[in-house]
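In full-length UniProt numbering, the protein residues as written are 1 to 247. The structure appears right after this line, and notes come after that.
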């Protein structure tokens, strides 16, 4: 089973084939059995199958084709709304309108999302994470009618793969593992750990196409520049506050 998981790929193109409702529910039930803080289950999942609703979601994800062509789009949300309502109806005073609570719910939602992805891939489905969810959370909140204390944290497109793309590279194992305590990286470590990534022909092509000197510059200047990071940070923090969490 570990070999199957190590061979996984991100799938962005899907067959024109619906996912049976029974299978989708089984996968979600499997995901909901994963670990959760205090067994509070501080997450909700919005299932989008309707083509018109996919079209409404697409701009929030910069109109990535996978949003409108996938059979199912799942938006995983940090959700304290349900738990707070339960507390209030049971004469318990909730104190969950704070950063710690938001972050706890976000962790729960992300663990559930990954459990869903693992189960889906083992059943022959393909998935794609959309990091754009936190960039344009206000639009997603409006489209999905998310109430106070509910924040979208990630979106997954899922379907039967149309093609199986090549695997993307990963850093060597030693890049991510520290024994007992964190061992910081020397310049020589960085050179060694990123050598294979920087040597790949497709990554060298990215450098040329973007008129840059190094692959790192493609990330800092083109893909994830500081101005964008600061802008989307402000947008996301503002909407989290508007949804009821105090920082």
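Idealized CB from N, CA, C, for every residue including glycine.
Query, Result
"Does the beta-carbon of residue 108 have 16 or more other beta-carbons within 10 angstroms, so that it is buried, or is it exposed?", "buried"
"Can you grab the Cα-Cα spacing for the pair residue 182 / residue 122, in whole Å?", "33 Å"
"Where does residue 189 land, buried or exposed, given buried means 16+ other C-beta within 10 angstroms?", "exposed"
"Give a yes or no on whether 8 Å exceeds the smallest Cβ distance from residue 108 to chain C.", "The chain inventory of the structure shown lacks chain C, comprising one protein chain alone."
"Smallest Cα separation from residue 73: which of 243, 198, 129, 236?", "129"
"Kindly indicate which residue of 134, 161, 96 has the alpha-carbon position closest to the one of residue 124.", "161"
"In its own chain, which residues sit with a C-beta less than 7 Å from the C-beta of residue 35, not counting the 5 before and 5 after it?", "111"
"Tell me whether residue 159 is buried or exposed, calling it buried when 16 or more other Cβ atoms sit within 10 Å of its Cβ.", "buried"
"Rounded to a whole number of angstroms, what is the C-alpha to C-alpha distance between residue 127 and residue 184?", "34 Å"
"Going by beta carbon distance, what residues of the same chain come within less than 6 Å of residue 247, once the five residues before and after it are set aside?", "99"
"Give me the Cα-Cα distance between residue 45 and residue 187, rounded to the nearest whole angstrom.", "43 Å"
"Taking its Cβ as the centre, do 16 or more other Cβ atoms sit within 10 Å of residue 61, making it buried, or is it exposed?", "buried"
"For the structure I just gave you, are there three or more beta carbon pairs, one from the segment 140-153 and one from the segment 64-79, closer than 8 Å?", "yes"
"Pop quiz: residue 157 and residue 66 are said to be a contact at Cβ under 8 Å. What is the actual Cβ separation, rounded to whole angstroms?", "5 Å"
"In this structure, does DSSP put residue 237 in helix, strand or coil?", "helix"
"With 16 other CB atoms within 10 Å as the buried threshold, where does residue 136 fall?", "buried"
"Between the Cα of residue 150 and those of 236, 63, 54, 21, spot the shortest distance and give me the residue it belongs to.", "236"
"Helix, strand or coil, according to DSSP, for residue 232 in the structure here?", "helix"
"Among residues of its own chain, excluding the 5 on either side of residue 226, which ones have a beta-carbon nearer than 8 Å to its beta-carbon?", "220"
"Between the alpha carbons of residue 63 and residue 42, how many angstroms are there, rounded?", "29 Å"
"Look at residue 102 and residue 239 and say whether their C-beta atoms are less than 8 Å apart.", "no"
"Would you grab the beta carbon distance between residue 133 and residue 104 for me? Rounded to a whole angstrom, and I think it's under 8 Å.", "Contact doesn't hold; Cβ gap of about 18 Å is too wide."
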